[in-house]
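Residues in the sequence shown are numbered from 408 upward in steps of one, following my numbering.
We put the CB at the ideal spot given by N, CA and C, even for glycine.
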Amino acid sequence: MSDAPMPDTPLIETTTKWVLDTYTYNSLHMVNSLEWLDRIAPGSPEAVRLATLTHDMERAFPGPDQPLWNGDEDYAYYVAHSNRSARIVGEWLRGQECAPPFIHQVEELIKVHEFGGWPEADLVQAADSLSFLDVNVDLFLGFAKTGKYRPGQVKAKFVYSHDRIRIPWVQELAKPMMDRAIERLEVR
Ligand SMILES: [Fe+2]
Ligand SMILES: [Fe+2]
């Protein structure tokens with residue numbers, strides 16, 4: 408695997424700027440997810456890279472239709488969160504005058520980013536999971552500390568992020584990351 412970074416297209420560059428400017432409190436996870444995708448699947452098509460870079464964007468747009476996570480692994484929440492992100496990113500891409508079939512492809516990948524389902528969707532989901540275990544652990548340890556979520560809920564989130572990965576070798580890669588996160592939760 409080469410260490411050379413993936414060259415970014417103008418659309419990826421503009422979208423990265425949108426993510427950084429808009430999702431100010433957790434854009435790191437978005438940008439880091441794309442870095443993980445480029446590690447596990449270098450040379451991925453632009454739609455896959457773009458879906459990975461923007462998969463959680465609805466969280467940057469509070470509103471009355473925004474689903475709220477109650478701390479449990481709730482399928483209905485993840486569906487609503489994924490669909491809302493797909494809608495917001497689709498609107499963004501229409502504003503960038505992207506071709507409708509391309510926009511559709513990105514939307515479909517975002518709709519299943521929590522679940523996977525076909526090879527490219529599994530990559531987006533795996534990159535999200537790796538990045539969660541890479542850069543979101545401190546955020547969730549903080550939630551356990553402040554009591555926003557119970558330690559059991561935070562642990563379940565760490566386990567979920569590992570267990571849902573559908574690509575066996577990537578799940579193996581995530582295993583020590585999950586173990587370390589749980590260890591830190593238990594000794595905190
Ligand atoms: Fe998500
Ligand atoms: Fe995510």
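State yes or no: is the C-beta of residue i nearer than 8 angstroms to some heavy atom of ligand 1?
i, result
"E590", "no"
"D529", "no"
"Y485", "yes"
"E521", "yes"
"D541", "no"
Quick check on the DSSP output: the alpha helix (DSSP H) that includes residue i runs from which residue to which?
i, result
"Y485", "482–502"
"G559", "558–570"
"E593", "575–594"
"V519", "Counting along the chain, V519 falls outside any alpha helix (DSSP H), and DSSP gives it neither H nor E."
"W443", "434–447"
"A467", "Unbroken run through A467: none, as it is neither H nor E."
Buried or exposed, going by whether 16 or more other CB atoms sit within 10 Å of the CB of residue i?
i, result
"N477", "exposed"
"Y482", "exposed"
"G523", "buried"
"Y432", "exposed"
"T422", "buried"
Alpha carbons only, please: which of the options is nearest the one belonging to residue i?
i, options, result
"R587", "I572, T461, N543", "N543"
"G549", "R591, E504, L537", "R591"
"W425", "W443, A467, V455, S440", "A467"
"M464", "G554, N490, D545", "N490"
Taking Cβ positions, are residue i and residue j nearer each other than 9 angstroms?
i, j, result
"L530", "T459", "yes"
"E521", "H569", "no"
"Y556", "F547", "yes"
"I419", "A534", "no"
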